[in-house]
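Here's the structure, in structure tokens; my notes come after.
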Amino acid sequence: MSQPHELTALEQWQALQQDELSPVELTEHYLARMEAINPAVGAFVTVTAAAARARAADVQRRVTRTAPIWGLPFGDKDLQERAGVPARAGSRLMKDYVPTRSDDLVQALDTAGGVSLGTTTTPEFGLTSYSENLAGASARNPWNRTLGTGGSSGGAAAAVAARLLPFAPGSDGGGSVRIPAAACGLVGVKPSRGRVPAASGVDKLAGLPVAGTLARTVADAALLLDAMIAPRDGHPDHHFALRAPGDETPLLAAAVRGEGRFQLGVMTTTAWDNDYTIQIAPEARAALDVAVNAFAAMHHGLEQTALEPDVSYAPAFRTVWEAGAASIPAETDEQLALLEPLTRYLLQRGRALSARNLGEALTALSAYERSFIRQLSRFDAVLTPTLALTPRPLGWYDQGDLERNFEQQVQYTPFTSMVNVAGLPAITLPVYQTDTGLPMGVQLIGRPGGEATLFALGAQLERRIRWQDRVAPEPLHSPRA
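FYI, in full-length UniProt numbering the residues of the sequence shown are 1 to 481.
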């Protein structure tokens, strides 16, 4: 008989519904795996074993089984706040911070019946596309532990790829779900701006960061996203007038059926091409070719497309990135000294910006959003590589030359941030493995509110390629149960 972690999240949910597993048993199973495997991969910053056991027992006794993810374990990204649990944001500055109130996304996942096992690793304040920080252990790629996971949801990706969790929530402000999902051989979903009420992006600077999901299968990613979207206490929980287009049919239905024929664009240009030299590695092109050939064989329409050059994008995005760091709660010299050099640099640059600088950047990104959607509007979805390079070694990013550091981040992840600026949904799919066994993914960018199309396309590709059968090597001496 398969061990629980060998099942998909949907299969685990079905086993819970049929009393083949209980929430308490499933929680104990994952806690045992975490104790043995987490030290090797650095997926979790804090493991809340006692609270998880109590929560699982409470779910088993008191929460209705109709809750979307009843009894399934997950991990809170270390940027989320759960009452009574340290929320360190990957920073030495926050090492003693324990919130007294849970934030909206945490509450939504609890209402959906999930069981949090702890907090997953993130870079300092989630600012970078790699999950290495000075506050604790870096997240390591389960496929090769000399490599990083990408960021900023790198701990979540490591946890799912190492099968320490069936799925995990993350946040994505410039690729922070899709980057680590691609680096770790997972499905990663960034929904449309406004789609997830508890983390819509509407209330954030430039509307960039939204909550997303990381999973081993397309259906598992949809299952968790549906749980994030689900209304609480029987009432819509939208919070904002703005709401992403699309009906309220569960996205899991599209992910399970995998139906439809679509017109797809194929694109290798990026928003950064005017300011940085972007070189697409052979492995990234190979992944794109696999997806193109598979979609062609399934009789989807395919057409090459390219973005119009736009000199405004790079400086505007950088300005907003810097401005986002300005509100980090560091005021004194002692507090600033606790920040990592890149974070301190961004904070200082952000606080030096004028209102005019920021206003011009926001206007430029708003114009880019309209232009990007217009250029791609004739397609149901647009296919790109997810990453331009293979997963990066730990320590690869330059910590001495901060301008070089930013350039490296752009060169590794040039295809992701433009989707956040446009507020569009996107999914990364792990279609390819290199000769050395490293995962490489492709990204599908959808229309506004077009998540169902992305899940349908992803399901079709998954049935053909069966990436869900790939298993990252486990550390020696780790238990199977």
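Ideal Cβ placement from N, Cα and C applies to all residues, glycine included.
Note that this is a predicted model, so its numbers are computed, not measured.
DSSP places F295 in the uninterrupted alpha helix (DSSP H) bounded by 282-297. Secondary structure of I445 (DSSP, three-state): strand. Rounded to whole angstroms, the separation of the alpha carbons of V442 and A287 is 6 angstroms. Along the region 51-112, the beta strand (DSSP E) occurs as fully enclosed runs of 3 or more residues at 73-77, listed in sequence order.
Here S200 is buried: its Cβ has 16 or more other Cβ atoms, across all protein chains shown, within 10 Å. Shown here, S366 sits in a helix according to DSSP, grouped into three states.
Taking 8 angstroms as the cut-off, the Cβ atoms of L214 and G170 count as close. When the beta-carbon positions are compared, A227 and A112 come within less than 8 angstroms of each other. Residue environment: E308 is assigned as exposed (fewer than 16 neighbouring CB atoms within 10 Å of its CB, all protein chains considered). When the beta-carbon positions are compared, P99 and A89 stay at least 8 angstroms from each other. The three-state secondary structure of T120, taken from DSSP, is strand. Within its own chain, the residues whose Cβ lies closer than 7 angstroms to the Cβ of A323, once the five positions on either side in sequence are excluded, are L205, G350, L353, L358, listed in chain order.
Straight-line measurement puts the Cα of E462 at about 8 angstroms from the Cα of V431. Where A199 is concerned, there is no enclosing alpha helix (DSSP H), because DSSP gives it neither an H nor an E. With respect to P475, N141 sits apart: the two C-beta atoms are not nearer than 8 angstroms. With contact defined as three or more Cβ pairs closer than 8 angstroms, the region 168-186 and the region 422-441 are in contact. Going by DSSP, N144 is part of the beta strand (DSSP E) stretching over 144-148. Cβ-Cβ distances below 6 angstroms link T384 to M267, F415, Q443 in the same chain, with the five nearest sequence neighbours on each side left out; the list follows chain order. For Y276, the secondary structure class from DSSP, reduced to helix, strand or coil, is coil.
Taking C-beta atoms as the reference points, Y276 and E407 count as a pair closer than 8 angstroms. Between the alpha carbons of W321 and W272 lies a gap of roughly 15 angstroms. Of all C-beta pairs linking the region 143-152 to the region 14-34, fewer than three are shorter than 8 angstroms, placing the two stretches out of contact.
Taking every protein chain shown into account, the CB of S2 has fewer than 16 other CB atoms within 10 angstroms, so this residue is exposed.
Residue range 301-304 is occupied by the beta strand (DSSP E) that includes Q304. Taking the C-beta atoms as reference points, L424 is found nearer than 8 angstroms to S192. For the set L387, A367, A159, the Cα lying nearest the Cα of Q279 is the one of L387. In chain order, V187, V189, T213, A215 place their CB closer than 6 angstroms to the CB of A221, counting only its own chain and leaving out the 5 sequence neighbours on each side. Boundaries for F455: no beta strand (DSSP E) harbours it, while the alpha helix (DSSP H) harbouring it runs 451-465, taken from the DSSP string. Taking every protein chain shown into account, the CB of H300 has 16 or more other CB atoms within 10 angstroms, so this residue is buried. DSSP places Q468 within a helical segment (H, G or I) once states are collapsed to three. Around the C-beta of Y412, 16 or more other C-beta atoms lie within 10 Å, and the residue is accordingly described as buried.
According to the DSSP assignment, D401 belongs to no alpha helix (DSSP H), since it is labelled neither H nor E. Annotated three-state conformation of Y432 is strand, per DSSP. As the crow flies, the alpha-carbon of V218 is around 13 angstroms from that of R178. The region 34-46 makes contact with the region 148-162, as at least three CB pairs between them are under 8 angstroms. A297 and Q460 have their alpha carbons spaced roughly 11 angstroms apart.
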